[in-house]
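In the UniProt record's numbering, the protein residues as written are 1 to 264. Glycine included, C-beta positions come from ideal geometry on N, C-alpha and C. Report on one structure; see the data block that follows.
Structure (structure tokens):
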């Protein structure tokens, strides 16, 4: 599908959804509103709230704090996930020993950890970063681990026959094999990093998008809640686009699917 046509269809989906939301919250059907504005607000009110935030400039402080927390959680969690994933994949004995503990920690509900991180690290950004890291790490770790394990045995054997050292194998065989898996996990990890930051702010903070949403919810400001979620969604999309650009630069060797070639 051509890129312009794809973008047009995506834009139309958003327009239809917003129009339907506006109609259902403002136009009575069978004598009543299907979506009462008190509970669902309206797109117009949400847009006014977003514009007011940016016009006053107050949103930038909260965006900057959430951005710091999200990026730190994303970078630290991703690096740790990549390194530990490679290590476990290349050291089966180590992986076997730690396997039950990894599964046990991964099974812990992260929301339960948020108050503990707040107790340990305070109400500053690092308690939110720690929560985000616990979400990002396992997403990246499992994908990198599987990506290295899925390396073609024929490719590995041929590389050994050519006399490659372990370091050369990592650079020219295992790393390229894991890249696709890694970037697939990074797109998911972005959302988890932001979720960790926002949930941490929601539970205890003095600034950030999560704090804004929590304050709006506390005063029954539904438009403010939806406005915060809208800003948060755009925020995640922009970070995801940045990751996509890096992915294209690093995976230039990967053959493009026929659909992607046509879109280009």
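* **Where the alpha helix (DSSP H) containing residue 182 begins and where it ends** => Looking at the DSSP string, the run of the alpha helix (DSSP H) that includes residue 182 is 175 to 203.
* Can you tell which of 48, 31, 47 and 26 has its C-alpha closest to the C-alpha of residue 38? -> Of the residues 48, 31, 47 and 26, the one whose Cα lies closest to the Cα of residue 38 is 26.
* **Which residues DSSP lists as bridging residue 32, in chain order** => The partner list for residue 32 (beta bridge, DSSP) reads 29.
* To do: Report the three-state DSSP secondary structure of residue 168 (helix, strand or coil).
  => Here residue 168 sits in helix by DSSP.
* Please work out which residues of its chain come closer than 7 Å, Cβ to Cβ, to residue 145, disregarding the five sequence neighbours upstream and downstream, and give them in chain order. => Once the five neighbours on either side are set aside, the close Cβ partners of residue 145 are 85, 88 and 89.
* **Residue nearest to residue 177 in terms of C-alpha spacing, selected from 151, 248, 184 and 223** => The option with the nearest alpha carbon to residue 177 is 151.
* **Alpha carbon of residue 260 to alpha carbon of residue 6, nearest angstrom** => For residue 260, the predicted model reports a pLDDT of 47, less than 50, meaning its position is unreliable; a value from the coordinates is still stated below. Rounded to the nearest whole angstrom, the C-alpha separation of residue 260 and residue 6 is 11 Å.
* **DSSP state of residue 217 mapped onto helix, strand, coil** => Helix, per DSSP.
* Is any heavy atom of the ligand ADP found at a distance shorter than 7 Å from the C-beta of residue 155? -> This structure does not include the ligand ADP; it has no bound ligands of any sort.
* Following the continuous alpha helix (DSSP H) through residue 83, name the residue where it begins and the one where it ends. => Residue 83 -> alpha helix (DSSP H) spans 58 to 90.
* Buried versus exposed, by CB contacts within 10 Å (16 or more), residue 154 -> Exposed.
* Determine the burial state of residue 56: buried for a count of at least 16 other Cβ atoms within 10 Å of its Cβ, exposed for fewer. => By the Cβ-count criterion, residue 56 is exposed, with fewer than 16 other Cβ atoms from all chains shown falling within 10 Å of its own Cβ.
* Asked: Smallest Cα separation from residue 135: which of 115, 123, 160 and 109?
  -> Taking only the C-alpha atoms, the option nearest residue 135 is 109.
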